[in-house]
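**Q** Numbering-wise (UniProt numbering), the sequence shown opens with residue 1 and increments by one.
Using N, Cα and C, we set each Cβ at its ideal position, and we do this for glycine too.
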Amino acid sequence: MARRLTTALTFMGILLLAGCGNDYGVDQNGQAIAAQRLDKQWVVLNYWAEWCAPCRTEIPEFNTLADQLKGRNIGVFGVNFDQVQGEELKSASEKMGIRFTVLARDPADFFDIPRSEGLPVTYIIDNQGKVREQMLGEQTAAGVMAKLEALQAFK
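(1) Restricting to Cα atoms, I'd like to know which of Ala146, Arg99, Val26, Ala104 is closest to Arg56.
(2) Taking Cβ positions, are Asp82 and Ala49 nearer each other than 7 Å?
(3) If I'm right that Gly75 touches Val43 with Cβ under 8 Å, what's the distance once you round it to whole angstroms?
(4) Is Asp27 helix, strand or coil when you go by DSSP?
(5) When the Cα atoms are used, what is the spatial distance from Pro120 to Pro60?
(6) Consult DSSP for Ala108 and reduce its assignment to one of helix, strand or coil.
(7) For a test of the three-state rule: what should DSSP assign to residue 168, helix, strand or coil?
(8) So which of Ala142, Ile125, Val144 has the shortest CA-CA distance to Asp109?
(9) My assumption, with CB atoms under 8 Å, is that Ala92 sits in contact with Asn73. Please give the rounded CB distance.
(10) Let me know the secondary structure DSSP gives Ala49 once reduced to three states.
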């Protein structure tokens with residue numbers, strides 16, 4: 001009996017640990033964000049707002065970057081600076097023409113990112129969850145790609 005109980009408890013512990021991972025909430029379409037989409041891979045995290053003119057200019061660059069990085073172990077994600085949620089987030093993302101994933105929940109706590117006072121701001125986070133670069137101001141796909149390649153070469 002004790003042996004069965006020990007086996008059952010061990011099995012339950014394994015199941016619980018297998019489900020571990022950060023909870024990144026949902027995207028702009030209300031779809032759950034699986035932990036493996038951000039954990040153990042490089043992340044480009046862009047903060048934007050509808051009222052930010054440079055954000056509007058750089059969004060097509062991040063759409064291009066996301067397309068270029070498909071199939072690689074690097075994800076491009078956005079976060080609305082004003083923390084709008086639900087339908088408001090979906091609408092704002094559509095108005096901005098965003099085609100990459102926008103996180104409804106700001107992952108700043110997971111990655112130990114301080115709140116920026118300026119926009120746009122983009123962070124490159126390595127596959128260990130460490131912020132490797134903070135880029136203030138408008139970015140280009142080519143500029144972010146070059147920074148990613150430089151950081152990965154010297155990792």
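**A** Reading off the structure:
(1) Counting from 1 along the sequence shown, the entry for residue 56 is found at position 56. Its Cα nearest to that of Arg56, the residue Arg99 stands out among Ala146, Arg99, Val26, Ala104.
(2) Indexing the sequence shown from 1 puts residue 82 at position 82. Indexing the sequence shown from 1 puts residue 49 at position 49. Yes; because the gap between Cβ atoms is below 7 Å, this pair is in contact.
(3) Numbered from its first residue, the sequence shown carries residue 75 at position 75. Numbered from its first residue, the sequence shown carries residue 43 at position 43. 5 Å between Cβ atoms; contact.
(4) Working through the sequence shown from its first residue, we reach residue 27 at position 27. Here Asp27 sits in strand by DSSP.
(5) Reading the sequence shown from its first residue, position 120 is the one you call residue 120. Reading the sequence shown from its first residue, position 60 is the one you call residue 60. Distance from the CA of Pro120 to the CA of Pro60, rounded to the nearest whole angstrom, comes to 13 Å.
(6) Start at 1 with the first residue of the sequence shown, and residue 108 comes out as number 108. Three-state result, Ala108: helix.
(7) Given that the chain is displayed from residue 1 to residue 155, the structure contains no residue 168 and the question cannot be resolved.
(8) On the sequence shown, residue 109 is found 109 positions in, with the first residue counted as 1. For the set Ala142, Ile125, Val144, the Cα lying nearest the Cα of Asp109 is the one of Ile125.
(9) Here the question's residue 92 lines up with position 92 in the sequence shown. Here the question's residue 73 lines up with position 73 in the sequence shown. Contact annotation, Ala92 with Asn73: C-beta distance approximately 29 Å; criterion of less than 8 Å not satisfied.
(10) The residue you call residue 49 lines up with position 49 of the sequence shown. In this structure, Ala49 counts as coil in the three-state DSSP scheme.
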